[in-house]
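Quick mapping for you: the protein sequence lines, in order, are chains L and G. Under the numbering used here, read the first sequence as residues 3 to 338, first letter to last. Under the numbering used here, read the second sequence as residues 3 to 338, first letter to last. C-beta atoms are modelled at their ideal positions from N, C-alpha and C, and glycine is treated no differently.
There are 2 protein chains.
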Amino acid sequence: MATIYDVAAASGFSPATVSKAFNSYPGINQKTFDKIMQTAKEIGYIPNSTARALTTKKSWLVGMLFSEELFTGIKHPHFGEIFSSAQIHLGKAGYDVVFINNALGGENISYLEHCRYRGVDGVFMAASASFGKAVQCIVDSDVKMVSVEFPYPQKYSVLSENYNGAMLAMEHLRSLGHRKIACISGPLFSPAAAERYQGYRDFLSAHAMHFNPGLVVEATEFTAADGYDAVAKLVSVAKDKFTAIFATYDDWACAAINYLRENGYKVPEDISVVGFDDLVHAEFAGLTTIRQDREKIGCIAADVLIAQMQDMALDFPHDVRVPTSLVVRSSCSGIA
Amino acid sequence: MATIYDVAAASGFSPATVSKAFNSYPGINQKTFDKIMQTAKEIGYIPNSTARALTTKKSWLVGMLFSEELFTGIKHPHFGEIFSSAQIHLGKAGYDVVFINNALGGENISYLEHCRYRGVDGVFMAASASFGKAVQCIVDSDVKMVSVEFPYPQKYSVLSENYNGAMLAMEHLRSLGHRKIACISGPLFSPAAAERYQGYRDFLSAHAMHFNPGLVVEATEFTAADGYDAVAKLVSVAKDKFTAIFATYDDWACAAINYLRENGYKVPEDISVVGFDDLVHAEFAGLTTIRQDREKIGCIAADVLIAQMQDMALDFPHDVRVPTSLVVRSSCSGIA
DNA sequence: CTGAAAGCGCTAACAG
DNA sequence: CTGTTAGCGCTTTCAG
Chain L
3 MATIYDVAAA SGFSPATVSK AFNSYPGINQ KTFDKIMQTA KEIGYIPNST
53 ARALTTKKSW LVGMLFSEEL FTGIKHPHFG EIFSSAQIHL GKAGYDVVFI
103 NNALGGENIS YLEHCRYRGV DGVFMAASAS FGKAVQCIVD SDVKMVSVEF
153 PYPQKYSVLS ENYNGAMLAM EHLRSLGHRK IACISGPLFS PAAAERYQGY
203 RDFLSAHAMH FNPGLVVEAT EFTAADGYDA VAKLVSVAKD KFTAIFATYD
253 DWACAAINYL RENGYKVPED ISVVGFDDLV HAEFAGLTTI RQDREKIGCI
303 AADVLIAQMQ DMALDFPHDV RVPTSLVVRS SCSGIA
Chain G
3 MATIYDVAAA SGFSPATVSK AFNSYPGINQ KTFDKIMQTA KEIGYIPNST
53 ARALTTKKSW LVGMLFSEEL FTGIKHPHFG EIFSSAQIHL GKAGYDVVFI
103 NNALGGENIS YLEHCRYRGV DGVFMAASAS FGKAVQCIVD SDVKMVSVEF
153 PYPQKYSVLS ENYNGAMLAM EHLRSLGHRK IACISGPLFS PAAAERYQGY
203 RDFLSAHAMH FNPGLVVEAT EFTAADGYDA VAKLVSVAKD KFTAIFATYD
253 DWACAAINYL RENGYKVPED ISVVGFDDLV HAEFAGLTTI RQDREKIGCI
303 AADVLIAQMQ DMALDFPHDV RVPTSLVVRS SCSGIA
């Protein structure tokens, strides 16, 4: 591994000058710049980020915190896409991304300790609900951070417009003539779930549609099984009392469709269903749903974090919201 | 940020001794060890991986290379799960994971340069087909690596038993009485696709089933749309010439089911279909398919890489294979 | 069993 | 515009 000293020796300049050349330091003769770059290339010199980080105290690394609880980690398509988008945007700005867990080397070290150990310049958090105490220490610290899906007070976060999205879903159903709309809501400790449910409630009020508590079932986990159980319960309790279901998560919506079909209902002829998220399987299932713009969420979150890490003026509100949109497929139909 | 010198000063020992304590160096008095750990905790000392890496020339970082071509990057559920598994196992062994791309800071740097810049101890590659020239430099270098899905000669790789998996799928169909089985094969530059197709061919021969080239269609991309087109073509060309379809990728299988149903066929009554991979939507679609053990693939790949990075004797073959299994759901039925 | 000293590769004043 | 010097935080011989 060639070092800056090798380049210095080979080019006839000092290490300091070579360093300046590589950091596009302003005051440097074009000739010497060319010469240095040329010989650097010849001897195959690559700067060493470790040494650089040690002196500058900037690692150009951002730590990724994904909560694996609630089936909501990096392998979840939703978070995977957000991550992918963020990673690309961070990369363009010169940042690499390192995964931070709380069990480095089998030892139990805190997320904050892990971040300090790696010297990350900032942290990207993603979780559908709070990580709990585990990350509170980093939220309370002065580490630059951005959170996706879950907003922390005084910290920057970026989320979808869940409330408006729910309105969109409901409006679609209403425009098709539905008036008795059931809801599969999520665990209310998830802000996204709570906001969607609130959208459901408020839409009902806004349109003078009677709110029937018996038409609401809560799924407690983000799994298909939970959605399946939820509709089963709904049907057993409120059979024939609703013509449509607003499921606040695609997995539940898909599971609901399966349950309904297995139990003699036609979807959408007998019952319409709309989901939320627009995950991969929504397309295969022909599910009408609300799409989250994951690409944009990742991108904006990256920008928000970059701005902080570079001490730029942030022209973002703390709670950035990204619009959602209705994707019409074939799980809803009009009412005669 | 407290340094090792602070701990030294506060505890009354030298930095060297503190360092030894933190690296569980054998010859050290228990009392001094305790004293050092104690004061370290008091002043909130966290070792600095950067400084450590600079002297030891070990970063305890593994570089992740995901090819975003062919819709096959980290956001693909298959790779996301493999990554997740690998990440956890690597973490237990003390390694953190950093994403490596070829465009750090907007500049075009090669994967190899990026690896050297970050000083990774090893590389984890994942791509359904070759990355092409882009990673050849790292394959040709002496960087420790493991590849998933795509085997490089002389390098370690871990893949599913695609060939056997295809046999499993075919055997299932055969046991149900099917004799005229069509195949949606994949792009043959993907080793996994090629192996699955070979399994199909060989199964036919082995069971004296006539091979009809007209019953094979090739999907060129790993997208639902491509699968849809493929079955459409199959049906137009070989209508009523087959009773079952072996689709070598779940997305194609799901798309095929959708196409068939939209065109008046009943699945599984008229036509049975079996997929490959067992991705999330396979469950929702009730697809009978071949499951890849992603958890295990990631875990073994991690072990193979760790062994190399720690210069341990590798008791792995270069081409590690992980068994697949049949998951029976509701997309196949027996023939009268 | 503990400490002194040197050095990993680079950057940041400060001189020249 | 270029070079000298010191030092980032840690580990590692080598003495003691």
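Chain L within 7 Å of S88(G), Cβ atoms only | The residue you asked about is not Ser; residue 88(G) is Ala in the sequence shown. Not an interface residue.
What does R323(L) touch in chain G if you count any residue whose Cβ is under 8 Å from its own?
-> Those do not exist, as R323(L) stays about 22 Å from chain G at its closest Cβ, beyond 8 Å.
Between G167(G) and S61(L), what straight-line distance do the alpha-carbon atoms span, to the nearest angstrom?
-> Whole-angstrom Cα-Cα distance: 45 Å.
In this structure, does DSSP put S238(G) in helix, strand or coil?
-> Looking at S238(G) - three-state DSSP - the assignment turns out to be helix.
Expected contact under 8 Å - CB spacing of G216(G) and I186(G) to nearest Å = Contact check for G216(G) and I186(G): beta-carbon distance about 13 Å, past the 8 Å limit, so the pair fails to qualify.
For chain G, find out if any of its Cβ atoms is closer than 7 Å to the Cβ of P155(L); answer yes or no.
-> Taking Cβ atoms only, chain G never reaches closer than 7 Å to P155(L), which makes this a no.
Would you check if there are 3 or more beta carbon pairs closer than 8 Å linking the stretch 244-251 of chain G to the stretch 163-180 of chain G?
-> With a cut-off of 8 Å, the stretch 163-180 of chain G and the stretch 244-251 of chain G count as touching, because enough Cβ pairs lie within range.
Counting only runs that start and end within the stretch 95-127 of chain G, where is the alpha helix (DSSP H) found for 4 or more residues in a row?
-> The stretch 95-127 of chain G is shown to contain whole alpha helix (DSSP H) runs of 4 or more residues at 113-120, in chain order.
Identify whether I302(L) lies in helix, strand or coil by the three-state DSSP scheme.
-> Correct three-state label for I302(L): helix.
Would you mind telling me which residues of chain G sit closer than 8 Å to A287(L), beta carbon to beta carbon, in chain order?
-> Those are H283, F286, A287, listed as they occur along chain G.
Please name the residue in A131(L), Y267(L), S149(L) whose C-alpha comes closest to that of A196(L).
-> Comparing Cα positions, the closest option is A131(L).
Give the residues of chain G in contact with S51(L), contact being defined as C-beta atoms less than 8 Å apart.
-> Within chain G, the residues Y119, R120, G121 have their CB atoms less than 8 Å from the CB of S51(L), given in chain order.
Three-state class that DSSP yields for V145(G) in the structure shown = In the structure shown, V145(G) falls within a coil segment according to DSSP collapsed to helix, strand and coil.
Just grab the DSSP bridge partners of C185(G) for me.
-> According to DSSP, which records beta bridges pairwise, C185(G) is partnered with V218(G), F248(G).
Any contact of the stretch 78-92 of chain G with the stretch 299-306 of chain G, i.e. 3+ C-beta pairs under 8 Å?
-> Touching, yes, given that three or more Cβ pairs across the two stretches are closer than 8 Å.
Quick one: residues in its chain with C-beta nearer than 7 Å to the C-beta of F15(G), no 5 flanking neighbours on either side, listed in chain order?
-> So the qualifying residues of the chain are T34, I38.
Which bits of chain L does I48(G) rub up against, with CB to CB less than 8 Å?
-> E115, R118, Y119, listed in chain order.
Is DSSP giving S86(L) helix, strand or coil here?
-> Secondary structure of S86(L) (DSSP, three-state): helix.
Hey, out of F68(G), I183(G), A226(G), D36(G), whose CA is closest to A210(G)'s CA?
-> Comparing Cα-Cα distances from A210(G) to each of F68(G), I183(G), A226(G), D36(G), the minimum goes to I183(G).
For R263(L), collect the residues of the same chain with a Cβ closer than 8 Å to its Cβ; drop the 5 residues on either side in sequence, then sort them by chain order.
-> Non-local beta-carbon contacts of R263(L) in its own chain, meaning distances under 8 Å to residues more than five positions away in sequence, involve V269 in chain order.
A287(G) and C334(G) closer than 7 Å at C-beta = With a cutoff of 7 Å on beta-carbon distance, A287(G) and C334(G) are scored as not near each other.
Who does G65(L) pair with in a DSSP beta bridge?
-> G65(L) pairs with V100(L), V125(L).
Test: V100(L) CB closer than 7 Å to a CB of chain G | Chain G contact via Cβ: present.
For P79(G), decide whether its Cβ has a neighbour in chain L, counting only Cβ atoms nearer than 7 Å.
-> Chain L contact via Cβ: present.
Are the C-beta atoms of A208(G) and some chain L residue less than 7 Å apart?
-> Chain L, which has no Cβ nearer than 7 Å to the Cβ of A208(G), makes this no.
Is the shortest distance between the beta-carbon of C139(L) and the beta-carbons of chain G less than 7 Å?
-> Look at C139(L): its C-beta is not under 7 Å from any C-beta on chain G.
Say whether chain L places a C-beta atom closer than 7 Å to the C-beta of L56(G).
-> So yes, L56(G) belongs to the interface.
Please decide whether K94(L) counts as near chain G, where near means a Cβ-Cβ distance under 7 Å.
-> With 7 Å as the cut-off, K94(L) counts as an interface residue toward chain G.
Distance between beta carbons of K146(G) and M314(G), contact taken as under 8 Å | The Cβ separation is near 11 Å, so there is no contact.
Where Q294(L) falls: helix, strand or coil (DSSP) = It is a strand residue.
Over what stretch of residues does the alpha helix (DSSP H) that includes L206(G) continue unbroken?
-> Counting along the chain, L206(G) sits inside the alpha helix (DSSP H) bounded by residues 193-208.
Determine the burial state of G65(L): buried for a count of at least 16 other Cβ atoms within 10 Å of its Cβ, exposed for fewer.
-> For G65(L), the number of other beta carbons within 10 angstroms of its own is at least 16, and it is reported as buried.
Can you grab the Cα-Cα spacing for the pair K135(G) / P193(G), in whole Å?
-> When the Cα atoms are used, K135(G) and P193(G) turn out to be separated by approximately 17 Å.
Contacts that A226(G) makes with chain L (C-beta to C-beta distance below 8 Å) | Close partners of A226(G) in chain L (Cβ separation under 8 Å): E285, F286.
Could you list which residues in chain G have their beta carbon closer than 7 Å to that of N103(L), in chain order?
-> Simply G93.
Within chain L, partners of F278(G) - CB distance below 9 Å = Those within 9 Å of F278(G) in chain L number zero; the least Cβ separation is about 15 Å.
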